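Numbering (this note's numbering), first residue to last: 969 to 1247.
Some notes on the structure that comes next.
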Amino acid sequence: PSTANPGFVVDPAQFINKTSGYPFQKFEKNVPLAVYDIDSDPPRRLAVGFLENNVPNGLVDGKYWPASYTLLSDAGTDNVATSGPREWLFIFDREYSEAPDPELAKEILFNPVPIIYTATWNRRGDVAFSPYADYPSNYDEMEFYANHINTVADTFKLTTPSAPTYNIETAKSDFLEKTLAFPNPYFGASPLEKGITDAFITFTSLPRTCTIRIFTVAGDLIRTINKDDDSQFARWDLRNDAGVPVASGIYIVHIDAPGVGSKVLKVVVFQREERLRYF
């Protein structure tokens, strides 16, 4: 129990350590529930503890029994307020034991105590019938599923059933299989374009060095793009080698990557008339 108000004591026998704060008082069976870690196999029972607030709205009796929200004044029913009962339950990262654990016998707020969760529940019973109404009955169960957040202290180990293999020829063919153009078909505009004269198609999954040649369906070469950088992308601005916007139609794209291979794509272009007029 808290001794923040030494002039008010519900049950003086509950105070063994009379220092300020929330000092450890005693080790005994005074929590009417059991807590289990259901993530472990088999589930392990965990140690629990609680505190009580030594204030006029407190319920200091050495037992964990949260107040009913109808039992006290508005200030007293707030189980986290300094003027409330503060019947707080603590769940520790320690297996349950009936022997005292010195790691838990500490002032709980300012010492490294292995707390996993803190519960600040109120009961919803009507005290006109019983101060213990609506409290869980025997064999009632509640399950809590927590998000497990990774920290810098977490480590992961990945294993494979056999040693990894690498085949350069397979890697080359796989690389070109993923090469494509977007948007395709090109319908007059792309969400990536910023103005009426800013038109382009993007080729993706390209090797570092390659040559992109664009032909009409008649076989006329209209544009050559030489790529030599670390990016996997290259853009065609929908113009020929003279800088003139190409007409709407179907174009054949030949990608030649030295040491890797080649690939042929078909690209369909629908130009906007106003773009051609603007040019």
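Note that beta-carbon positions come from the ideal geometry of N, C-alpha and C, so glycine has one too.
Remember, it's a predicted structure, so these values are computed and weren't measured experimentally.
Where residue i falls, given that 16 or more other Cβ within 10 Å makes a residue buried
i: residue 1234; result: exposed
i: residue 1024; result: exposed
i: residue 1089; result: exposed
i: residue 1201; result: exposed
i: residue 1096; result: Any answer about residue 1096 is weak, because its pLDDT of 46 lies below 50 and its placement is not dependable; what the coordinates show is given next. Exposed, by the Cβ-count rule.
i: residue 1043; result: Because residue 1043 carries a pLDDT of 48, less than 50, the predicted location of this residue cannot be relied on, and the following value inherits that uncertainty. Exposed, because fewer than 16 other Cβ atoms sit within 10 Å of the Cβ of residue 1043.
i: residue 1048; result: exposed
i: residue 1100; result: In this prediction, residue 1100 has a pLDDT of 48, which is less than 50 and means its spatial position is unreliable; nothing more can be read from the coordinates.
i: residue 1053; result: buried
i: residue 1223; result: buried
i: residue 1154; result: buried
i: residue 1130; result: exposed
i: residue 1249; result: Limits of the chain in this structure are 969 at one end and 1247 at the other, which puts residue 1249 out of reach.
i: residue 1013; result: exposed
i: residue 1217; result: exposed
i: residue 1106; result: exposed
i: residue 1017; result: buried
i: residue 1035; result: buried
i: residue 1046; result: buried
i: residue 1120; result: exposed
Other residues of its chain near residue i: CB distance less than 6 Å, five sequence neighbours each side excluded
i: residue 987; result: none
i: residue 1019; result: 990 and 1056
i: residue 1146; result: 1173
i: residue 1076; result: 990
i: residue 1063; result: 1012
Opening and closing residue of the beta strand (DSSP E) in which residue i lies
i: residue 1192; result: 1189-1196
i: residue 1224; result: 1217-1225
i: residue 1252; result: Outside the displayed span of the chain (969 to 1247) sits residue 1252, for which this structure offers no information.
i: residue 1150; result: 1148-1150
i: residue 1203; result: 1202-1204
i: residue 1207; result: Per DSSP, residue 1207 belongs to no beta strand (DSSP E) and is neither H nor E.
i: residue 1184; result: 1177-1184
i: residue 1122; result: Neither: residue 1122 is in no beta strand (DSSP E) and is coded neither H nor E.
i: residue 1127; result: Premise fails: residue 1127 is in no beta strand (DSSP E) and is neither H nor E.
i: residue 1017; result: 1012-1019
i: residue 1169; result: 1169-1172
CA nearest to the CA of residue i, picked from the options
i: residue 1149; options: 1180, 1077 and 1120; result: 1180
i: residue 1032; options: 1005, 1182 and 994; result: 994
i: residue 1113; options: 1129, 1084 and 1124; result: 1084
i: residue 1166; options: 1106, 1029 and 1207; result: 1207
i: residue 1195; options: 1205, 1189 and 1178; result: 1178
i: residue 1058; options: 1087, 1070 and 1074; result: 1087
i: residue 1205; options: 1218, 1078 and 1170; result: 1170
i: residue 1203; options: 1152, 1036 and 1051; result: 1152
i: residue 1081; options: 1190, 1068, 1061 and 1004; result: 1061
i: residue 1115; options: 1007, 1070, 1003 and 1026; result: 1007
i: residue 982; options: 1127, 1026, 1190 and 1002; result: 1026
i: residue 912; options: 1229, 1003 and 1215; result: Only positions 969 to 1247 of the chain appear in the structure, and residue 912 is not among them; the question remains open.
i: residue 1226; options: 1144, 1190 and 1127; result: 1144
i: residue 1004; options: 1065, 984 and 1051; result: 1065
i: residue 1000; options: 1072, 1079 and 1109; result: 1109
Chain-order list of residues whose beta-carbon lies under 8 Å from that of residue i (same chain, five-residue window excluded)
i: residue 1198; result: 1176
i: residue 1157; result: 1167 and 1240
i: residue 974; result: Reliability fails at residue 974, whose pLDDT of 47 lies under 50, so the model's placement of it is uncertain and no value is given.
Cβ-based neighbour list, residue i, same chain, cut-off 7 Å, excluding 5 preceding and 5 following
i: residue 1220; result: 1183, 1185, 1232 and 1234
i: residue 998; result: 1030, 1031 and 1032
i: residue 1069; result: 1015 and 1062
i: residue 924; result: Any question about residue 924 goes unanswered here, given that the chain covers just 969 to 1247.
Curious, which full-length beta strand (DSSP E) runs of at least 3 residues does the region 1022-1088 contain? Within the region 1022-1088, the complete beta strand (DSSP E) runs of at least 3 residues fall at 1056-1063 and 1083-1087.
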